[in-house]
Amino acid sequence: MMWKEKYKIGIPQIDKQHKELFDRVEQFLTALRKEGDWQEKLPEIKKTLLFMQNYVVVHFDAEEVYQKKIGYPDLQQHHLIHKEFTDYVMQCAHDFEKEGYPEQSVQKFAGKLLAWLINHVVATDLKMSDYVKKEGAL
Amino acid sequence: MEKQQLPEKPFLDATKSVFKSMLDMDIDSLPGDENPKQEENVRIEIAMVGDLSGSVVYNFPKSTTLNIVKTLSGMEADRLDDFATSMLGEMANIISGNAATSLSGANCKCDIRPPQITISHMAQSDSHNSVDMLLHSQVGELCEHICLSSNV
Ligand SMILES: [Fe+2]
Chain G
1 MMWKEKYKIG IPQIDKQHKE LFDRVEQFLT ALRKEGDWQE KLPEIKKTLL
51 FMQNYVVVHF DAEEVYQKKI GYPDLQQHHL IHKEFTDYVM QCAHDFEKEG
101 YPEQSVQKFA GKLLAWLINH VVATDLKMSD YVKKEGAL
Chain Z
1 MEKQQLPEKP FLDATKSVFK SMLDMDIDSL PGDENPKQEE NVRIEIAMVG
51 DLSGSVVYNF PKSTTLNIVK TLSGMEADRL DDFATSMLGE MANIISGNAA
101 TSLSGANCKC DIRPPQITIS HMAQSDSHNS VDMLLHSQVG ELCEHICLSS
151 NV
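Which chain is which? The protein sequence lines are G and Z, in order.
Using our numbering, the letters of the first sequence map in sequence onto residues 1 to 138.
Using our numbering, the letters of the second sequence map in sequence onto residues 1 to 152.
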């Protein structure tokens with residue numbers, strides 16, 4: 001499984017969403033990485049990409065609502081990080097659609113996506129959890 | 001800026017912390033006279049601009065790359081394809097971004113450019129002015145060449 005217990009930041013509702021996000025990324029990567037003809041794999045790749053992509057938006061929004069609720073001081077900066085990444089994902093999805101899902105580009109996107117998400121959770125989101133622990137804001 | 005003053009520390013610290021947080025692994029420096037492994041390498045060059053300019057080159061040998069990909073994705077990986085090289089490119093991007101942030105915090109403002117990724121057979125640095133760091137962790141070796149000069 002792609003999700004690891006050590007990615008937990010200690011805020012139960014956020015951890016639950018992160019696990020859901022990683023599960024959807026895993027479905028996308030499984031479709032993408034399995035042996036076989038690219039064209040035959042494409043319907044599943046498109047489906048899992050969309051399923052994952054939708055949840056990126058849902059999760060980032062929910063996380064920002066939570067940050068507002070707890071009065072997180074880095075909310076604005078965190079929002080910009082989310083926005084930049086969401087824009088990147090949406091732009092890629094748009095380009096894939098227009099260009100017929102070229103394999104190289106989709107593989108590149110997937111590699112970056114996974115590394116970015118892991119780092120975002122274990123570094124950037126962890127700061128939010130440090131704040132919660134310090135302020136007792138949970 | 002003289003070679004001895006080159007800012008390898010922010011890069012070493014950033015590499016250590018990214019390996020720790022993303023892979024849960026520690027990193028050691030190997031002695032400078034040790035030769036890097038001769039195998040296919042993912043070479044990632046990240047240009048820097050600002051108070052320091054030049055580039056930082058990361059060389060991840062094939063075995064190290066595949067071990068990182070397996071660890072992060074939980075999936076089998078046996079070739080240096082676009083998925084693998086792009087994942088490593090993003091890791092190098094994160095490390096360099098963190099190093100640039102700590103340099104900027106120390107009043108040395110710099111920005112990074114997007115990673116340029118190639119597959120190479122040479123682990124050695126192309127420059128004589130760079131500081132070379134040979135590092136080792138559970139996933140294998142990696143090399144960083146820091147070639148930056150001061151503009152202030
Ligand atoms: Fe976040």
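C-beta: ideal position from N, C-alpha, C; glycine also.
Quantities reported herein were computed from a predicted structural model and do not represent experimental measurements.
- For the options Z:V139, Z:F11, Z:V131, the alpha carbon positioned closest to that of Z:H145 is the one of Z:V131.
- In this structure, the C-beta of G:E63 approaches ligand 1 to less than 7 angstroms from one of its heavy atoms.
- Between Z:E8 and chain G, the shortest Cβ-Cβ separation is not below 8 angstroms.
- Residue-level contact by beta carbon fails for Z:L66 and chain G, as no gap is shorter than 8 angstroms.
- For Z:C143, the secondary structure class from DSSP, reduced to helix, strand or coil, is strand.
- Of all C-beta pairs linking the stretch 93-104 of chain Z to the stretch 10-19 of chain Z, three or more are shorter than 8 angstroms, placing the two stretches in contact.
- The beta-bridge partner set that DSSP reports for G:A123 is empty.
- For G:L21, the enclosing alpha helix (DSSP H) has its first and last residue at 12-33.
- The stretch 89-108 of chain G makes contact with the stretch 40-53 of chain G, as at least three CB pairs between them are under 8 angstroms.
- In this structure, Z:L80 lies near Z:V42, with their beta-carbon atoms less than 8 angstroms apart.
- G:I118 reaches chain Z at M22, L72, counting residues in chain order whose Cβ is nearer than 7 angstroms.
- Contact annotation for G:M1 against chain Z: G74 [CB-CB distance below 7 angstroms, chain order].
- Here Z:Q38 carries a coil assignment [DSSP, helix/strand/coil].
- In the three-state reduction of the DSSP assignment, Z:S55 falls in the strand class.
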